[in-house]
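If you're matching them up, the sequences are chains H and X in order.
Our numbering applies: residue 1 is where the first sequence begins, and numbers increase by one.
Our numbering applies: residue 85 is where the second sequence begins, and numbers increase by one.
For glycine and all other residues, C-beta sits at the position ideal for the given N, C-alpha and C.
Report on the following structure.
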Amino acid sequence: MTYRVHVRVMPREGLLDPQGQAVEHALSALGFEEAGGVRVGRAIELDVAADSRDQAETRARQMCDKLLANPVTEDYLLEVEENR
Amino acid sequence: MTRVAVVRFPGSNCDFDTLRAAENVGADAYFVWHRDTDLNNADVVILPGGFSYGDYLRAGAIARFSPLMQAVQRHAAGGGPVLGICNGFQILCEAHMLPGALMRNAGLSFVSKPVDVIVERTDTAFTCDYEPNARLRMPVAHGEGRYVAEPETLRMLEAEGQVVLRYVPATERSPFQPNPNGATNHIAGICNPEGNVVGIMPHPERAAERLLGLTGGSGFFTSLVPAYEHSSNSGVQP
Numbered sequence: 001m002t003y004r005v006h007v008r009v010m011p012r013e014g015l016l017d018p019q020g021q022a023v024e025h026a027l028s029a030l031g032f033e034e035a036g037g038v039r040v041g042r043a044i045e046l047d048v049a050a051d052s053r054d055q056a057e058t059r060a061r062q063m064c065d066k067l068l069a070n071p072v073t074e075d076y077l078l079e080v081e082e083n084r
Numbered sequence: 085m086t087r088v089a090v091v092r093f094p095g096s097n098c099d100f101d102t103l104r105a106a107e108n109v110g111a112d113a114y115f116v117w118h119r120d121t122d123l124n125n126a127d128v129v130i131l132p133g134g135f136s137y138g139d140y141l142r143a144g145a146i147a148r149f150s151p152l153m154q155a156v157q158r159h160a161a162g163g164g165p166v167l168g169i170c171n172g173f174q175i176l177c178e179a180h181m182l183p184g185a186l187m188r189n190a191g192l193s194f195v196s197k198p199v200d201v202i203v204e205r206t207d208t209a210f211t212c213d214y215e216p217n218a219r220l221r222m223p224v225a226h227g228e229g230r231y232v233a234e235p236e237t238l239r240m241l242e243a244e245g246q247v248v249l250r251y252v253p254a255t256e257r258s259p260f261q262p263n264p265n266g267a268t269n270h271i272a273g274i275c276n277p278e279g280n281v282v283g284i285m286p287h288p289e290r291a292a293e294r295l296l297g298l299t300g301g302s303g304f305f306t307s308l309v310p311a312y313e314h315s316s317n318s319g320v321q322p
């Protein structure tokens with residue numbers, strides 16, 4: 001069984017996110033003044049072979065902790081779905 | 085003779101400058117490749133600047149898994165001196181050999197210019213030739229040089245004197261902007277609690293001989309060689 005794992009890596013809350021600020025300024029310059037709180041992160045997708053959804057999530061979490069996210073500066077969110 | 089291993093990753097680009105700066109002070113300097121598994125009896129290891137593995141994922145994140153990094157970690161665990169310059173500093177943080185991380189510069193731009201820094205630690209293998217609180221001018225060249233760490237880690241770094249280099253205060257008159265990247269506490273370089281692992285953003289190898297216009301970084305190399313004697317034609321000054 002394989003599972004599709006969607007990882008969303010975001011700069012940690014409270015840390016300066018200059019990319020998000022720059023995008024927010026650009027949106028404002030384009031007339032989208034209603035946009036605020038812009039933050040820029042990274043999306044990673046991968047297939048994980050596992051016996052169960054839980055196992056896939058556990059392994060994906062380890063991958064995030066060890067490589068895909070930097071625990072000092074980033075938080076991540078995982079979504080796991082069964083591949084058909 | 086001090087044996088200095090300069091580690092080359094795919095994407096390292098300050099390797100030759102670093103080798104030359106070490107050779108200029110009389111060290112026996114040589115390259116080691118990231119796929120190698122031992123350091124060839126190195127006394128000192130330097131991780132030079134560059135863009136290892138294209139900075140993919142995060143600067144330094146992939147280089148950390150090189151076979152050679154295992155040997156570098158063993159060398160450091162045994163008390164051996166390790167210096168990471170720029171991308172080398174990023175690698176040392178990603179490898180958890182130094183605390184904290186280096187994030188995108190506050191101004192978003194890649195900065196490449198000389199900066200002024202203060203040497204706050206002069207008891208490391210790389211800074212023992214400097215006077216305490218010496219001011220040095222060295223170039224920086226990085227897109228991700230903004231040092232950040234958890235508040236607790238920062239308190240520890242400051243309390244234990246682990247800040248090796250600090251950008252001069254913003255209040256000071258300097259021909260260059262003092263803190264080029266928004267680094268927390270103006271931190272330009274740190275060391276581990278033992279003081280044998282040092283990471284710095286400025287490039288001492290680009291300020292190590294008269295021909296380069298700046299000589300402030302040469303102390304990082306003369307410090308490595310016991311009783312280093314000036315040779316009249318090297319142009320190196322501590």
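Rounded straight-line distance, which links the Cα of residue j to that of residue i
| i | j | result |
| --- | --- | --- |
| Ser-302 (chain X) | His-287 (chain X) | 10 Å |
| Gly-172 (chain X) | Glu-178 (chain X) | 10 Å |
| Ile-169 (chain X) | Arg-84 (chain H) | 48 Å |
| Ile-271 (chain X) | Met-240 (chain X) | 13 Å |
| Ala-64 (chain H) | Glu-57 (chain H) | The question names Ala, but residue 64 (chain H) in the sequence shown is Cys. C-alpha separation (whole angstroms): 10 Å. |
| Ala-155 (chain X) | Tyr-137 (chain X) | 19 Å |
| Leu-15 (chain H) | Leu-192 (chain X) | 14 Å |
| Pro-151 (chain X) | Pro-259 (chain X) | 43 Å |
| Ala-26 (chain H) | Ala-43 (chain H) | 22 Å |
| Ile-130 (chain X) | Glu-256 (chain X) | 32 Å |
| Ala-111 (chain X) | Thr-237 (chain X) | 35 Å |
| Ser-74 (chain X) | Asp-213 (chain X) | Because chain X spans 85 through 322 in this model, residue 74 (chain X) falls outside it and cannot be assessed. |
| Gly-163 (chain X) | Asp-54 (chain H) | 42 Å |
| Leu-68 (chain H) | Leu-141 (chain X) | 7 Å |
| Pro-322 (chain X) | Asn-269 (chain X) | Model confidence at Pro-322 (chain X) stands at a pLDDT of 47, short of 50, so the residue's coordinates are unreliable; what they give is reported in the following sentence. Taking the straight line from one Cα to the other gives about 27 Å. |
| Ala-35 (chain H) | Glu-24 (chain H) | 7 Å |
| Tyr-231 (chain X) | Ala-49 (chain H) | 37 Å |
| Pro-165 (chain X) | Val-247 (chain X) | 16 Å |
| Leu-78 (chain H) | Val-38 (chain H) | 20 Å |
| Arg-119 (chain X) | Val-282 (chain X) | 23 Å |
| Ala-225 (chain X) | Arg-294 (chain X) | 20 Å |
| Pro-235 (chain X) | Lys-66 (chain H) | 22 Å |
| Ile-146 (chain X) | Thr-206 (chain X) | 31 Å |
| Met-1 (chain H) | Val-116 (chain X) | 42 Å |
| Glu-82 (chain H) | Val-9 (chain H) | 21 Å |
| Glu-289 (chain X) | Thr-102 (chain X) | 5 Å |
| Gln-157 (chain X) | Phe-304 (chain X) | 21 Å |
| Arg-104 (chain X) | Asn-97 (chain X) | 13 Å |
| Val-5 (chain H) | Leu-30 (chain H) | 35 Å |
| Gly-41 (chain H) | Ala-22 (chain H) | 13 Å |
| Val-309 (chain X) | Tyr-76 (chain H) | 46 Å |
| Ala-161 (chain X) | Asn-280 (chain X) | 9 Å |
| Glu-215 (chain X) | Val-80 (chain H) | 56 Å |
Partners in chain H for residue i, counting only beta-carbon separations shorter than 7 Å
| i | result |
| --- | --- |
| Arg-142 (chain X) | Asn-70 |
| Ala-106 (chain X) | Within chain H, no residue comes near Ala-106 (chain X); the closest Cβ sits about 31 Å away, beyond 7 Å. |
| Arg-188 (chain X) | Pro-18, Gln-19 |
| Ala-185 (chain X) | Asn-70, Val-72, Thr-73 |
Of the listed residues the options, nearest to residue i (C-alpha basis)
| i | options | result |
| --- | --- | --- |
| Met-222 (chain X) | X:Asn-125, X:Arg-104, X:Leu-131, X:Val-203 | X:Val-203 |
| Ala-106 (chain X) | X:Ala-185, X:Ala-145, X:Thr-206, X:Phe-210 | X:Phe-210 |
| Met-187 (chain X) | X:Thr-299, X:Ile-130, X:Asp-139 | X:Asp-139 |
| Asn-217 (chain X) | X:Tyr-251, X:Glu-244, X:Glu-234 | X:Tyr-251 |
| Glu-244 (chain X) | X:Glu-278, X:Asp-99, X:Pro-253, X:Pro-94 | X:Glu-278 |
| Glu-228 (chain X) | H:Met-1, H:Pro-18, H:Glu-13 | H:Pro-18 |
| Pro-71 (chain H) | X:Phe-305, X:Pro-94, X:Val-128, X:Ala-185 | X:Ala-185 |
| Arg-148 (chain X) | X:Pro-253, X:His-180, X:Val-109 | X:His-180 |
| Leu-46 (chain H) | H:Glu-34, H:Leu-30, H:Arg-61, H:Ala-35 | H:Arg-61 |
| Val-88 (chain X) | X:Tyr-114, X:Asn-108, X:Asn-263 | X:Tyr-114 |
| Gly-297 (chain X) | X:Gln-174, X:Gly-133, X:Pro-198, X:Val-282 | X:Pro-198 |
| Thr-121 (chain X) | X:Val-195, X:Cys-98, X:Val-91, X:Gly-144 | X:Val-91 |
| Ile-274 (chain X) | X:Leu-176, X:Asn-189, X:Phe-135, X:Arg-294 | X:Leu-176 |
| Leu-167 (chain X) | X:Ala-292, X:Ile-284, X:Asp-99, X:Gly-266 | X:Ile-284 |
| Arg-219 (chain X) | X:Pro-264, X:Gln-261, X:Val-201, X:Pro-183 | X:Val-201 |
| Asn-263 (chain X) | X:Asn-189, X:Ala-233, X:Gly-300 | X:Asn-189 |
| Glu-74 (chain H) | H:Met-1, H:Val-7, H:Gln-21, H:Thr-2 | H:Val-7 |
| Ala-143 (chain X) | X:Asn-124, X:Phe-93, X:Val-109 | X:Phe-93 |
| Asp-99 (chain X) | X:Pro-132, X:Leu-123, X:Val-128 | X:Pro-132 |
| Val-128 (chain X) | X:Gly-95, X:Thr-86, X:Gly-134 | X:Thr-86 |
Contact set between residue i and chain H, taken where Cβ atoms lie within less than 9 Å
| i | result |
| --- | --- |
| Glu-234 (chain X) | Val-72 |
| Leu-176 (chain X) | None at all; the shortest Cβ gap to chain H is about 13 Å. |
| Leu-295 (chain X) | The premise fails here: Leu-295 (chain X) is roughly 36 Å from chain H at the closest Cβ pair, so nothing lies under 9 Å. |
| Gly-266 (chain X) | Leu-16, Pro-18 |
Partners in chain H for residue i, counting only beta-carbon separations shorter than 8 Å
| i | result |
| --- | --- |
| Ala-145 (chain X) | Leu-67, Asn-70 |
| Leu-192 (chain X) | Pro-18, Gln-19, Ala-22 |
**Complete runs of the beta strand (DSSP E) confined to the stretch 195–283 of chain X [at least 3 residues]** = 195–203, 219–226, 230–232, 247–251, 271–275
**Prompt:** Which residues, taken in chain order from the stretch 3–30 of chain H, show a beta carbon closer than 7 Å to some beta carbon of chain X?
**Reply:** Leu-15, Leu-16, Pro-18, Gln-19, Ala-22
**Asked** For the stretch 42–72 of chain H, which residues have a beta carbon sitting closer than 7 Å to at least one beta carbon of chain X?
**Response** Leu-67, Asn-70, Val-72
**Asked** Which full runs of the beta strand (DSSP E) of 3+ residues lie inside the stretch 86–155 of chain X, going along the chain?
**Response** 87–92, 112–117, 128–131
**Prompt:** Going along the chain, which unbroken runs of the beta strand (DSSP E) with 3 or more residues stay wholly within the stretch 4–49 of chain H?
**Reply:** 42–49
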